[in-house]
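K.L.:
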Amino acid sequence: MSTDLSGLSINFATVRQAGSFGEIVDACLSRGIRAISPWREHVAGAGLDEAARIVRDNGLRVTGYCRGGFFPAPDEAGRRAALDDNRRAVDEAAALGADCLVMVVGGLPKGSRDLPGARAMVADGMAELLPYARSAGVKLAVEPLHPSYAGDRACFNTLKQSLDLCDALGEGAGVAIDVYHVWWDPELEAQIARAGRAGQIYAHHICDWLVPTTDILNDRGMMGDGVIDLKRFRGLIEAAGFHGPQEVEIFSHRWGARPAGEVLDTIVERYRTVC
1 MSTDLSGLSI NFATVRQAGS FGEIVDACLS RGIRAISPWR EHVAGAGLDE AARIVRDNGL
61 RVTGYCRGGF FPAPDEAGRR AALDDNRRAV DEAAALGADC LVMVVGGLPK GSRDLPGARA
121 MVADGMAELL PYARSAGVKL AVEPLHPSYA GDRACFNTLK QSLDLCDALG EGAGVAIDVY
181 HVWWDPELEA QIARAGRAGQ IYAHHICDWL VPTTDILNDR GMMGDGVIDL KRFRGLIEAA
241 GFHGPQEVEI FSHRWGARPA GEVLDTIVER YRTVC
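Residue numbers for the sequence shown follow UniProt numbering, beginning at 1 and rising by one.
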């Protein structure tokens with residue numbers, strides 16, 4: 001069995017219980033994991049300069065930075081505030097040398113039932129942000145989320161929707177493909193191939209879908225515990241030309257209650273056997 005873990009990345013949401021930015025990095029490094037995807041809260045806790053130093057001094061790959069987005073708002077002031085915050089996220093991603101800034105684009109503004117209008121706000125916000133991101137050398141990775149999140153977190157829910165948006169935006173806009181959100185899509189194979197042809201796959205997130213799932217947000221499964229054919233999924237991603245690390249992102253009350261070391265050891269074992 002190979003000991004090479006260069007194809008494995010850890011999203012900090014998976015092991016929040018490990019503590020600070022530096023503590024999570026240390027836990028990963030002690031197991032030979034050298035690719036990470038931090039959240040803004042962890043970077044803020046450490047300070048951007050210190051987080052960037054840790055990344056640089058340890059030769060880490062930052063496969064993604066979580067997160068930008070949440071463009072829709074009830075008024076112009078809210079939309080401007082969202083853009084300002086996204087520009088700060090771009091600056092942070094650039095300082096960390098992240099492969100991409102992951103965009104969870106946002107759902108319906110409070111009190112709204114206008115889903116097409118929310119999607120238009122996302123498209124407008126992305127179009128305004130993208131030139132700034134290009135100038136900073138940061139790619140924007142739209143992450144389509146499961147349709148159950150359309151109302152509050154992401155009104156772009158399929159790869160096709162997200163790729164249509166990226167095509168309209170142009171260079172520097174691509175997708176983060178998370179198995180949890182798109183494994184069910186009957187157009188999955190065709191849309192992954194499409195993304196690959198355009199060079200628009202910027203990140204690949206893995207976990208598993210449990211049956212039953214008791215909490216749509218916080219009951220993601222450890223790889224191998226659910227119903228997603230992860231090896232087939234990875235085959236589709238690689239056939240499309242993406243060979244970057246598989247980033248483990250598991251929001252889970254049950255795994256969050258276990259020691260971070262146990263979680264990481266389980267991830268390494270599952271990465272070697274089922275991914």
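For every residue, glycine included, the Cβ atom is placed at its ideal position computed from N, Cα and C. Everything numeric in this text was worked out from a predicted model, so none of it was measured.
Going by CA-CA distance only, name the one from Ser-148, Ile-33, Gln-200 and Gly-19 that's closest to Arg-272.
P.N.:
Here the question's residue 272 lines up with position 272 in the sequence shown. Nearest C-alpha to Arg-272: Ile-33.
K.L.:
Would you mind reading off the limits of the alpha helix (DSSP H) that contains Ala-133?
P.N.:
Translated into positions along the sequence shown, residue 133 becomes position 133. Counting along the chain, the alpha helix (DSSP H) containing Ala-133 begins and ends at 115-136.
K.L.:
Sorted by chain position, which residues of the same chain lie with C-beta nearer than 6 Å to Gly-69's C-beta, five sequence neighbours on each side aside?
P.N.:
Position 69 of the sequence shown holds residue 69. Result list for Gly-69: Met-103, Val-104, Val-105 and Gly-106, in chain order.
K.L.:
At what residues does the beta strand (DSSP E) containing Gly-174 begin and finish?
P.N.:
Position 174 of the sequence shown holds residue 174. Where Gly-174 is concerned, the enclosing beta strand (DSSP E) stretches over 173-178.
K.L.:
Have a look at Gly-45 and Tyr-180 and give me their C-alpha separation to the nearest angstrom.
P.N.:
Mapped onto the sequence shown, residue 45 falls at position 45. Mapped onto the sequence shown, residue 180 falls at position 180. When rounded, the distance between both Cα atoms is 28 Å.
K.L.:
Can you say whether Ala-118 is buried or exposed, counting buried as having 16 or more other CB atoms within 10 angstroms of its CB?
P.N.:
As a position in the sequence shown, residue 118 is number 118, starting the count at 1. Flag for Ala-118 reads buried.
K.L.:
Helix, strand or coil, according to DSSP, for Phe-30 in the structure here?
P.N.:
Along the sequence shown, read from residue 1 onward, the residue named residue 30 stands at position 30. Sequence check: residue 30 is Ser here, not Phe. The answer is coil: DSSP assigns Ser-30 none of H, G, I, E or B.
K.L.:
Does the segment 137-148 come close enough to the segment 93-103 to have 3 or more Cβ pairs within less than 8 Å?
P.N.:
Yes, the segment 137-148 is in contact with the segment 93-103.
K.L.:
With a cut-off of 8 Å on the beta carbons, I'd call Leu-230 and Ile-206 a contact; round off their distance for me.
P.N.:
Residue 230 sits at position 230 when you count from the first residue of the sequence shown. Residue 206 sits at position 206 when you count from the first residue of the sequence shown. So it is a contact: roughly 6 Å between Cβ atoms.
K.L.:
Expressed to the nearest angstrom, what Euclidean distance is found between the alpha-carbon atoms of Gln-17 and Ser-252?
P.N.:
Within the sequence shown, residue 17 is the residue found at index 17, counting from 1. Within the sequence shown, residue 252 is the residue found at index 252, counting from 1. One C-alpha to the other measures close to 11 Å.
K.L.:
Decide yes or no for the touch test of the segment 189-197 against the segment 227-243: beta carbon pairs closer than 8 Å, at least 3 of them.
P.N.:
Touching, yes, given that three or more Cβ pairs across the two stretches are closer than 8 Å.
K.L.:
State the Cα-Cα distance for the pair Leu-264 and Cys-28, rounded to the nearest angstrom.
P.N.:
Position 264 of the sequence shown, counted from the start, is the residue given in the question as residue 264. Position 28 of the sequence shown, counted from the start, is the residue given in the question as residue 28. Cα to Cα, the separation comes out at about 8 Å.
K.L.:
By the 10 Å Cβ neighbour count, where 16 or more other Cβ atoms means buried, how is Glu-43 classified, buried or exposed?
P.N.:
As a first step, residue 43 must be located in the sequence shown, where it is residue number 43. With the sequence shown as reference, residue 43 is identified as Val, and Glu is not the correct amino acid for it. Val-43 should be labelled buried.
K.L.:
Taking only three categories from DSSP, how would you classify Cys-66?
P.N.:
Taking the first residue of the sequence shown as 1, we reach residue 66 at position 66. Reduced to three states, the DSSP call for Cys-66 is strand.
K.L.:
With Ala-94 and Ala-154 assumed to form a contact (beta carbons below 8 Å), what rounded beta-carbon distance in angstroms separates them?
P.N.:
For this step, residue 94 is matched to residue 94 along the sequence shown. For this step, residue 154 is matched to residue 154 along the sequence shown. Not really, about 24 Å apart at Cβ, beyond 8 Å.
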